[in-house]
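Note that numbering that gives the first Met the number 0 has the first sequence beginning at 0, numbered continuously upward. Beta carbons: idealized from backbone N, C-alpha and C, even for Gly. First comes the structure, then the notes that go with it.
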Amino acid sequence: MKVYNTLTRKKEEFIPLEEGKVKMYVCGPTVYSYIHIGNARPYVVFDTVRRYFEYKGYDVTYVQNFTDVDDKIIKRANEEHSTMDAVANKYIEEAFKDADGLNVKRATVHPRVTNEISGIIEMIKTLIDKGYAYEKEGTVYYNTKAFKEYGKLSKKNLDELIAGASERVSLDDLKENPMDFVLWKPFKPGEPKWPSPWGEGRPGWHIECSVMSKKYLGETIDIHAGGEDLIFPHHENEIAQSEAASGKPFAKYWLHNGFITVNNEKMAKSAGNFFTVREIAAEFPYEVIRFFILSGHYRNPINFSRELLIASQNGLERIKNCKENLKYYIENCEVKDIKPEEAAMMDEINGFKLQFEKAMDDDFNTADAITAVYELVKYVNVKLKENVSKPFAESALYTLNLLCSVLGIAEDKAEADGDAKIIEALIAKRAKAKGNKDFAEADRIRGELSDMGVTIKDTRQGTQWSRN
RNA sequence: GGCGCCGUGGCCAAGUGGUAAGGCACAGGUCUGCAACACCUCCAUCACCGGAUCAAAUCCGGUCGGCGCCUCCA
């Protein structure tokens, strides 16, 4: 299977460090507000990557952090006369709600920066000892010039960066050069603080990921992922920190997702043109949002709009209908034994699975993978009209469920439905009315069901129902 | 200025050398008491110009247009 590696700017064969295992780290959000649809993209995309690895039989260790100490959280806490912890706790909880809604599996570990301070201090000490960092008046800076390979991920030239930065960034006098970045910042009133060898203070942004990745996954990991805006400086700095500290390669593969745009412009909190997942979820089911995100290749930008969500909703409905139809067919099918001529059809079904895998093997091409699902759906819909056997239908449903589970869409929720009996009774009543050609009564009952949020469909085998 | 991405039907989106997948929407039709579902049919020469090739949406050069990173940001 091939993955596009930002480090080499090429698709490469994926070879795990340890056979059968994948260690991946995905940068998580800073929790000062609800997550927005842009945050949702890496959540969904890399969750799907993880699911596919698991589908292929890998044992995946997935780490996604929460940045719970940051200027913006502190600011928010001050505005709300609250504390940084309280704000972070609240939005971590809310982020989980959205992630759960989006059917994003929980990471193996969700570390929080504030629980990792000792590890952070340790790594900073190491960097100072090895000559990659220096302290000035309580601030510890990373010395970018000391790391020869600085710029290797973003393909930037350090000297040019320095030249460019000098023109536009007002130089912080304490830094030895403008591209040096903060590892530890000194305490300021109104901010949280931890004791350290350099005085009380708090960690800079970049060091946390290096520390958490090392702690939970080891010095060298298979995959490090995040949004493409993190390539520089965040991921570049992580490499500088981790590789300088350990003397080993940090991550073998770097995966970056493209942006979600609005009117073809980057959606960002700072630009003010963003939508929270919560807002969209009020109008569309979460799974539609997930499906929408997977409808394009993860490295391409996707333009967000209501029209596209509606299209996604309709497309997803098609897949779900097929599942419902299959389930209903299986329950009511009279042909219990597989027919000889169905062997070839089983092969066809398997062909769609192979098509799906081929797409996913090619750098997680979910758009093509979804096409394989649609083609399976089409095939099944046609065959279902031909009085196929129950085993065939079961096999088709199994495959469809399998592929959907990799994408995390159209999955059956375990629903305990106490109203089922009432609904079935109404449907039976309607069938009776239909039998008597009392269509007015039949329609009245359908309306009643509709008011209950139940949609019905008359099929050859009888009346099917589903909740909206 | 440096680095990088993109431009495929009304909309979305694969395809990166061998003659345009798929979905949504639209239109017509089949099925059906109606509706819904489903099925069938219909719908593009790939921004533009030039080049190498038997052959290009796919390679090379150029033009135009859109976007991103270089500053907190998924």
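So, with DSSP's three-state summary, where would you put residue i?
i	result
SER468	In the structure displayed, the chain extends from 0 to 467; residue 468 sits before or after that span and is not available.
MET0	coil
ALA366	helix
ARG201	strand
TYR141	strand
ALA155	Just to set this straight, residue 155 is Lys in the shown sequence, not Ala. If DSSP states are grouped into helix, strand and coil, LYS155 belongs with coil.
LEU406	helix
PHE391	helix
ALA281	coil
ASN88	helix
ASN256	strand
LEU399	helix
GLY461	strand
THR454	strand
LEU182	strand
VAL381	helix
THR113	helix
GLU374	helix
ASP210	With the sequence shown as reference, residue 210 is identified as Val, and Asp is not the correct amino acid for it. Correct three-state label for VAL210: helix.
ARG443	helix
VAL276	helix
LYS428	helix
Measuring alpha carbon to alpha carbon, tell me which of the options ends up nearest residue i.
i	options	result
LYS144	ALA270, PRO41 and ASN156	ASN156
LYS230	VAL181, GLY200 and LYS151	According to the sequence shown, residue 230 is Ile rather than Lys. Nearest of VAL181, GLY200 and LYS151 to ILE230, Cα basis: LYS151.
THR260	LYS251, TYR252 and GLY271	GLY271
HIS35	ASN320, PHE274, SER245 and ALA243	PHE274
GLU278	GLY37, ASN380 and ASN262	GLY37
GLU50	ALA76, SER404, ASN64 and ALA430	The sequence shown places Arg at residue 50, not Glu. With distances taken between Cα atoms, ARG50 lies closest to SER404.
ILE220	VAL21, ALA432, GLU121 and ARG443	VAL21
VAL334	VAL387, ALA395 and LEU308	VAL387
ASN256	LYS265, PHE249 and PRO248	LYS265
SER134	LYS154, LYS147, PHE95 and ASP179	The question names Ser, but residue 134 in the sequence shown is Glu. Checking every option, the nearest Cα to that of GLU134 belongs to ASP179.
ARG8	ASP362, LYS382 and ASP450	ASP362
GLU18	VAL59, TYR33, VAL44 and GLY246	VAL59
ASP411	ASN142, LEU401 and ASP418	LEU401
ILE337	ASP418, ALA281, GLY295 and ALA395	ALA395
GLU423	ASP437, PHE438 and GLU447	GLU447
ASP457	ASP99, GLU323, GLY350 and ILE120	GLU323
ASP128	LYS184, GLY217, GLN240 and TYR24	GLN240
HIS109	LYS96, ILE91, ILE116 and THR125	ILE91
How would you label residue i, buried or exposed, when you count the other beta carbons within 10 angstroms and need 16 or more for buried?
i	result
ALA392	buried
ILE123	buried
TYR31	buried
ALA342	exposed
ASN313	exposed
LYS187	exposed
THR47	buried
GLU12	exposed
ARG459	exposed
LYS251	buried
PRO41	buried
PRO339	exposed
VAL139	buried
ARG445	buried
LYS174	buried
HIS29	Per the sequence presented here, residue 29 reads as Thr, with His not at that position. THR29 is buried by the Cβ-count criterion.
SER195	buried
Provide the residue(s) that pair with residue i in DSSP beta bridges, ordered along the chain.
i	result
TYR470	Outside the displayed span of the chain (0 to 467) sits residue 470, for which this structure offers no information.
TYR24	VAL62 and HIS223
PHE146	Answer by DSSP bridge pairing: none, since PHE146 is not bridged.
THR125	Note: THR125 sits in no beta bridge, so no partner.
LYS9	ASN4
VAL30	DSSP, once it has assigned bridges, lists no residue as partnering VAL30.
If we require 3 or more residues per run, which beta strand (DSSP E) segments fall completely within the stretch 217-242? 220-226
Return the chain-ordered ranges of every alpha helix (DSSP H) run that is complete within the stretch 294-360 and spans a minimum of 4 residues. 305-331 and 341-360
What residue ranges within the stretch 42-111 form continuous beta strand (DSSP E) runs of no fewer than 3 residues, ordered along the chain? 58-63
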